[in-house]
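Below is one structure, written out as structure tokens; comments come after it.
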Amino acid sequence: MTTTEAVSPAAAPRDHDLGSGGRGRAQTIVPGLAVAFVVAVAATLLGRQVPVIGGPVFGILIGMAVATAIPVLRHDRWTPGYGFAAKPVLQLSIVVLGTGLSLQQVVKVGTSSLPIMFGTLAVALGGAWIIGRLLGLDSDTRTLIGVGTGICGASAIAAVTAVIKPKERDVAYAIGTIFTFNIAAVLLFPPIGHLIGLTGQSFGLWSGTAINDTSSVVAAAYSFGSNAGPYAIVVKLTRSLMIIPIVMGLALLKARHERKQGADTGSLKWKQVVPLFLIGFVLAAAADTVGLIPGSWHPHLSDLGTFLITFALAGIGLGLRFAQMRKAGPRPLIMGGILWICVATTSLGLQALTGKL
1 MTTTEAVSPA
11 AAPRDHDLGS
21 GGRGRAQTIV
31 PGLAVAFVVA
41 VAATLLGRQV
51 PVIGGPVFGI
61 LIGMAVATAI
71 PVLRHDRWTP
81 GYGFAAKPVL
91 QLSIVVLGTG
101 LSLQQVVKVG
111 TSSLPIMFGT
121 LAVALGGAWI
131 IGRLLGLDSD
141 TRTLIGVGTG
151 ICGASAIAAV
161 TAVIKPKERD
171 VAYAIGTIFT
181 FNIAAVLLFP
191 PIGHLIGLTG
201 QSFGLWSGTA
211 INDTSSVVAA
221 AYSFGSNAGP
231 YAIVVKLTRS
241 LMIIPIVMGL
251 ALLKARHERK
261 QGADTGSLKW
271 KQVVPLFLIG
281 FVLAAAADTV
291 GLIPGSWHPH
301 LSDLGTFLIT
311 FALAGIGLGL
321 RFAQMRKAGP
331 RPLIMGGILW
341 ICVATTSLGL
351 QALTGKL
């Protein structure tokens, strides 16, 4: 493989690298992992300066830019470390983020808000399947954009990526699409909310169910004012819980598909249906629910979780190439735009039907 060829961040270490056991593996992954770490630090610092975009998105963008500008970083000696960042680190980030998601928050928002969350999620996932097929997008791209739009942006994409193992370019399409409409939502939602006369609670419910990433939900809700921010955060965190059944369902479907494709006809292993990182996520949220995690730890754990997901996306970005993204053309962006509009209007429509506007 030449240094000008596209490489995969998930590429496995070569056999001779692993021959000396754990030490050999560590030496194999350290170079690429170190590069991903440096990119993640830079992305985190930049994300603090531009919180509307956030560190995770900067992670994948800077990673792509660095790998493009420095050809030697595209050599296969770096890819095992990129792959370690893109998989184990990614899974660890999901577990850590679970510590800030108390299961009691579902009760706090009240059952009256659940129909709106379920409705927008159904529109996002169903719309992704229908619109994506009409546009000729592959299954993984449709799934990633659908869950990113319907649940929690880059975090949902990261969780699903750990299960379905899509191509790196599909992750890039999804991240780029979500990023584009996060920015649009932050700029457009507050003035539209004031124009149509939304209250703080109704705007919080709208932004919490119709904007992708948590950082963008917070930015839009606090820009709107009228105490929309706290309500939007609770709605958004509750919405994030939907990633649990979605990831479990996708894990089950993938396991069944792999069994049909392979020669092994044995019974389905529980690890294929319920990934270990998802169990860790639920246990972390449960620990927070029962008070095992001190409140003073929450800001630090949130920062750590965000950094780890930035670290993971930096690894993915370092293995991506802008040329790969250009091959997709405008179709992922068109799909994301249609889904974004459908989810936003569905949220408002369901609020009107339930008397919340």
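If you count by the UniProt record's numbering, then the sequence shown holds residues 1 to 357, one letter each, in order.
For glycine and all other residues, C-beta sits at the position ideal for the given N, C-alpha and C.
The beta carbon of glycine 98 sits closer than 6 Å to those of Phe281, Ala284 and Ala285, all from its chain and outside the five residues before and after it, given in chain order.
A straight line joining the alpha-carbon of alanine 34 with that of histidine 194 spans about 47 Å.
In this structure aspartate 213 is not in contact with alanine 162, their Cβ atoms being roughly 18 Å apart against a cut-off of 8 Å.
Minimum Cα-Cα distance from leucine 348 among the listed residues Leu103, Lys167, Gly136 and Gly204 corresponds to Gly204.
Shortest Cα-Cα distance from glutamine 351 to any of Gly291, Gly54, Trp206 and Thr149 involves Trp206. Taking C-beta atoms under 8 Å as the contact rule, alanine 158 and leucine 90 qualify, at a distance of about 5 Å. For serine 296, the number of other beta carbons within 10 angstroms of its own is below 16, and it is reported as exposed. Distance from the CA atom of proline 190 to the CA atom of alanine 220, rounded to whole angstroms, is 6 Å. If you draw a straight line from the Cα of serine 302 to the Cα of threonine 346, it comes to about 30 Å.
Listed in chain order, the alpha helix (DSSP H) runs fully inside the segment 95 to 159 are 105 to 109, 114 to 135 and 139 to 147, counting runs of at least 4 residues.
Between the alpha carbons of isoleucine 341 and isoleucine 196 lies a gap of roughly 16 Å. Below 8 Å, enough C-beta pairs join the segment 47 to 66 and the segment 307 to 322 to call them touching: three or more. Less than 7 Å divides the Cβ of glycine 317 from the Cβ of glycine 63.
With fewer than 16 other beta carbons inside 10 angstroms of its own, glycine 291 counts as exposed. Straight-line spacing of the CA atoms in leucine 198 and leucine 357 works out to 6 Å. Rounded to the nearest whole angstrom, the C-alpha separation of isoleucine 94 and isoleucine 246 is 14 Å.
Taking 4 residues as the minimum length, the alpha helix (DSSP H) runs contained wholly in the segment 241 to 265 are 243 to 261, in order along the chain. 7 Å or more divides the Cβ of alanine 85 from the Cβ of arginine 74.
Within the segment 14 to 90, the complete alpha helix (DSSP H) segments at least 4 residues long are 15 to 18, 22 to 49, 55 to 69 and 79 to 84, listed from N- to C-terminus.
Secondary structure note for leucine 308: its alpha helix (DSSP H) is the uninterrupted segment 298 to 318. Here the C-alpha atom of threonine 238 lies approximately 11 Å from the C-alpha atom of glycine 100. Look at aspartate 213 here: in three-state DSSP terms it is coil, with no helix or strand label. The beta carbons of glutamate 168 and glycine 319 sit about 5 Å from each other, so the pair counts as a contact at 8 Å. DSSP places asparagine 227 in the coil class of the three-state scheme, outside both helix and strand. When only Cα atoms are considered, isoleucine 309 and leucine 134 end up about 32 Å apart. The residue among Ser216, Leu304, Leu241 and Ser240 with its C-alpha nearest the C-alpha of valine 50 is Ser216. Note that the C-beta distance between lysine 87 and isoleucine 164 is not below 7 Å. Collapsing the DSSP output to three states places threonine 346 in a helix. Around the beta carbon of glycine 229, 16 or more other beta carbons sit within 10 angstroms, so the residue counts as buried.
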